[in-house]
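Remarks on the structure that follows.
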Amino acid sequence: MRPITVADVMSKPVVVIGVNNTLREAAKEMMDKGVGSLVVVDEKGDVVGIITERDVVRAVAEGKDLNAPVSEVMTPDVLTVSPETSVLKAIETMKMHNVRHLPVASDDEIVGMVSLKDLAFAVAAEMILKRIYEMLKEELSEL
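Under the numbering used here, the first residue of the sequence shown carries the number 15, and numbering increases by one thereafter.
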């Protein structure tokens, strides 16, 4: 049984927003698409940051104008993982950097997004599958 990787649980396609779009537009896009983060791109389509629900909530709590551009609250240094990264390694990376969303990059291109919730479900599923596998193995050995 191979370990579950980020590629197994990532969401795709990635939802993006322009660097000059507003916080209001970012919040609406997250609601409409049912996601907790957006990859921020510049006019050329290059990745320049990430904005999350937490960023929007923090901005509102601090009295930021909802018409302000996402560039004012996004995280500019985008931390990524590869599709081959194990789920446990991705969780470790999130914990170390205090983030809940990681873009998944392959060959310098964002190919997916993984959230802490995605990873938690994957770990739980893997534990259940391992337990079922052990039970079946035990049953078969008794035949």
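Even for Gly, the Cβ is constructed at its ideal location relative to N, Cα and C.
As the structure is a prediction and not an experimental result, all values here were calculated from the model.
Residue i and residue j closer than 8 Å at C-beta
| i | j | result |
| --- | --- | --- |
| Val-33 | Val-62 | yes |
| Met-149 | Ser-25 | no |
| Ser-129 | Arg-114 | yes |
| Ala-7 | Leu-52 | There is simply no residue 7 to check, as the chain begins at 15 and stops at 157 in what is shown. |
Assumed close pair residue i, residue j - CB separation to whole angstroms, cut-off 8 Å
| i | j | result |
| --- | --- | --- |
| Val-23 | Leu-133 | 7 Å |
| Val-118 | Val-95 | 6 Å |
Identity of the residue in the options nearest residue i by Cα
| i | options | result |
| --- | --- | --- |
| Val-30 | Thr-19, Val-84, Leu-157, Asp-121 | Val-84 |
| Met-67 | Val-101, Met-45, Pro-97, Val-55 | Reading off the sequence shown, one finds Glu at residue 67, where the question assumed Met. Ranking the options by Cα distance to Glu-67, first place goes to Met-45. |
| Ile-65 | Ala-41, Val-20, Gly-59, Ala-136 | Ala-41 |
Residue i, enclosing beta strand (DSSP E) - first and last residue
| i | result |
| --- | --- |
| Glu-123 | 123 to 129 |
| Ile-119 | Checking the displayed sequence, the identity of residue 119 turns out to be Ala instead of Ile. Segment 115 to 120, the beta strand (DSSP E) holding Ala-119. |
| Leu-93 | Premise fails: Leu-93 is in no beta strand (DSSP E) and is neither H nor E. |
Unbroken alpha helix (DSSP H) run spanning residue i, endpoints
| i | result |
| --- | --- |
| Thr-66 | Careful: Thr-66 lies outside any alpha helix (DSSP H), inside the beta strand (DSSP E) at 61 to 66. |
| Ile-105 | 101 to 111 |
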